[in-house]
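Following: one structure in structure tokens, then a few remarks.
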Amino acid sequence: MNKKIVYFVIGSLILAVVVAIAIVRNELTDRVNPFLDMEDAYAQVEKGTQNYENVEAYKKDGERLPYKLDFNGFDPDKEYVIIRHKGKYVKEIHYINKLPFE
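Quick note: our numbering has the sequence shown finishing at residue 101, numbered continuously throughout.
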């Protein structure tokens with residue numbers, strides 16, 4: 000009888016963690032979420048700053064992402080970036096000369 004309770008509690012905890020990862024959207028959960036794919040987005044950022052917050056990013060076809068991204072980087076001359084991300088988790092950025100959809 001006690002083993003059944005332990006298995007039930009462990010199973011419930013695992014289920015709760017999986018549901019939380021699938022539902023909650025932030026950098027930590029998106030990083031480990033197996034239901035999200037790594038993808039590229041594009042954005043225009045301010046020149047001369049290192050911390051980018053609430054950046055509106057766009058897919059290659061120009062469609063805006065339904066969420067905003069936060070990341071760090073620095074290039075004093077360029078204002079466009081390609082963002083490699085998985086949901087809100089930003090893996091890397093690269094500065095580019097122009098956006099592909101303009």
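Glycine residues also receive a C-beta, built at the ideal position from the N, C-alpha and C atoms.
query: Which stretch, first to last residue, makes up the alpha helix (DSSP H) that contains VAL5?
result: Residue mapping note: residue 5 aligns to position 6 of the sequence shown, counting from 1. Taken as a continuous stretch (DSSP letters only), the alpha helix (DSSP H) holding VAL5 covers 1-22.
query: Where do the N-terminal and C-terminal ends of the beta strand (DSSP E) with ASP69 fall, by residue?
result: What you label residue 69 is simply residue 70 of the sequence shown in a count that begins at 1. Per DSSP, ASP69 belongs to the beta strand (DSSP E) from 63-71.
- request: Enumerate in chain order the residues of its own chain whose CB-to-CB distance from ILE92 is below 8 angstroms, with the five nearest sequence positions on each side excluded.
  value: Taking the sequence shown and counting its residues from 1, the one referred to as residue 92 is at position 93. PHE70, GLY72, VAL80, ILE81, ILE82, ARG83.
query: How is the alpha helix (DSSP H) around GLU26 delimited, first residue to last?
result: To locate residue 26, count along the sequence shown from 1; it is residue 27. Per DSSP, GLU26 belongs to the alpha helix (DSSP H) from 26-31.
message: Please classify ASP29 as buried or exposed, where buried requires at least 16 neighbouring CB atoms within 10 angstroms.
response: As a first step, residue 29 must be located in the sequence shown, where it is residue number 30. Classified as buried, ASP29 has 16 or more neighbouring CB atoms from the shown chains inside 10 Å of its CB.
message: Just verifying my parser: in three-state terms, what is the DSSP assignment at GLN49?
response: Counted from its first residue, the sequence shown places residue 49 at position 50. Correct three-state label for GLN49: coil.
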